[in-house]
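Taking it in order: structure first as structure tokens, then the write-up.
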Amino acid sequence: MGGARGGSGGFRFLKEERLRSDREYREVVRKGERTATAHFTVYRDFLGGGARKVGISVGKRVGRAVLRNRIKRVLREICRIHKNAFPNGSRTAIVVKMAPSPTGMAAVSAELLPAIFRRWGRKEEPSLCAQEISSSQP
Numbered sequence: 015m016g017g018a019r020g021g022s023g024g025f026r027f028l029k030e031e032r033l034r035s036d037r038e039y040r041e042v043v044r045k046g047e048r049t050a051t052a053h054f055t056v057y058r059d060f061l062g063g064g065a066r067k068v069g070i071s072v073g074k075r076v077g078r079a080v081l082r083n084r085i086k087r088v089l090r091e092i093c094r095i096h097k098n099a100f101p102n103g104s105r106t107a108i109v110v111k112m113a114p115s116p117t118g119m120a121a122v123s124a125e126l127l128p129a130i131f132r133r134w135g136r137k138e139e140p141s142l143c144a145q146e147i148s149s150s151q152p
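According to our numbering, the sequence shown holds residues 15 to 152 in order.
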């Protein structure tokens, strides 16, 4: 039953993959490159090595605790599923400026992922959601 705990952590968002201290957040924001959308600001710096770290920051000005926690859950899920958007050797801080009106995963990823790929390029890895379409038709 407890299959989610074991294994190598393929699609899990592990503790080692998170920015955990205020010092790390401030360093990424100060030294990193930036891209912005209507609702999010994304900072990224590259340290090299094999570790990828992602942090999510949602301040009180975004809304009440229920809304802030929902946004964080959705962003964690996006980071977990779309690990190819966050390459190894990078530290990324996602700061929520204001709450998007539909806070669902589709709406948030439709705004956030294109901005990340537009700014830092797309790393060619198979997507979890994409299906391969054959060009040969009978």
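Idealized CB from N, CA, C, for every residue including glycine.
Here DSSP, grouped into helix, strand and coil, assigns Ser35 to coil. Here Leu33 really is in contact with Val68; their C-beta atoms are around 7 Å apart, less than 8 Å. Counting the other CB atoms within 10 Å of its CB gives Leu28 a total below 16, which places it among the exposed residues. As DSSP reads the structure, Val72 sits in a beta bridge with Val110. Nearest neighbour of Arg66 by Cα position, chosen from Glu91, Val80, Ala107, Lys45, turns out to be Ala107. Around the beta carbon of Lys97, 16 or more other beta carbons sit within 10 angstroms, so the residue counts as buried. Looking at the backbone, the Cα of Gly64 and that of Ala99 are separated by about 15 Å.
With fewer than 16 other CB atoms across the displayed protein chains lying within 10 angstroms of its CB, Phe25 is exposed.
For Ser104, the secondary structure class from DSSP, reduced to helix, strand or coil, is strand. By alpha-carbon distance to Arg90, the top candidate from Asn102, Thr49, Val110 is Val110.
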